[in-house]
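The sequence shown lines up with residues 25 to 156 when you count with this note's numbering.
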Amino acid sequence: MYEPSRSKSVVHRTGGHPDDYPHSSRAEALDTQLAGHLSALLAVTDELGLADAATGIAVQVTRLRGAAPVRAAQGGPGADEAAPLHQRAHDLAARALLVAASRADTTVAILAAERMDAHAAALDSLDLAGAH
């Protein structure tokens, strides 16, 4: 005859008490995601050699992470490398804008929108220069 199990199987048991595992809130998860997008944007901005823009992004990464970000050596791309970098930066700024809007971070949303505009303008000027 069948006798029901009196204890939970290994599959149903956890390694410890639920409070033993780290839990993050939605706000903390969005902060982490936003800091990641901004850090990637900072790396591309440094690679483009845009020091003023990079400083503003670094300030926001520091605010979100509580520590200053690791910075790449600033330089300037060659003419053939600039367009893909500006496109990448534009895409990263768009992602940051979406997350900033989700967490209602107006400061980062404005910064991301400004970076999107700047990179779109740079792409337009590169297209015009390449057409001649």
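Glycine residues also receive a C-beta, built at the ideal position from the N, C-alpha and C atoms.
None of the values given here were measured: they were computed from a predicted structure.
Backbone secondary structure at residue i - three-state DSSP
i           : result
residue 58  : helix
residue 127 : coil
Residue burial classification, residue i (beta-carbon count within 10 angstroms, cutoff 16)
i           : result
residue 56  : exposed
residue 134 : exposed
Close beta carbons around residue i, own chain, < 7 angstroms, minus the five adjacent residues each side
i          : result
residue 61 : 116, 119, 120 and 123
Residue i to residue j span [Cα, whole Å]
i           : j           : result
residue 149 : residue 92  : 33 angstroms
residue 143 : residue 48  : 34 angstroms
residue 108 : residue 146 : 11 angstroms
residue 64  : residue 110 : 13 angstroms
8 angstroms CB neighbourhood of residue i in its chain, flanking five on each side removed
i          : result
residue 50 : none
residue 77 : 69, 139 and 142
residue 73 : 98, 99, 100 and 101
residue 82 : 66, 92, 93 and 95
Closest residue to residue i among the options (Cα-Cα distance)
i           : options             : result
residue 112 : 53, 67 and 52       : 67
residue 151 : 85, 104 and 137     : 104
residue 87  : 131, 125, 96 and 71 : 131
residue 89  : 52, 79 and 129      : 52
residue 153 : 126, 106, 71 and 58 : 106
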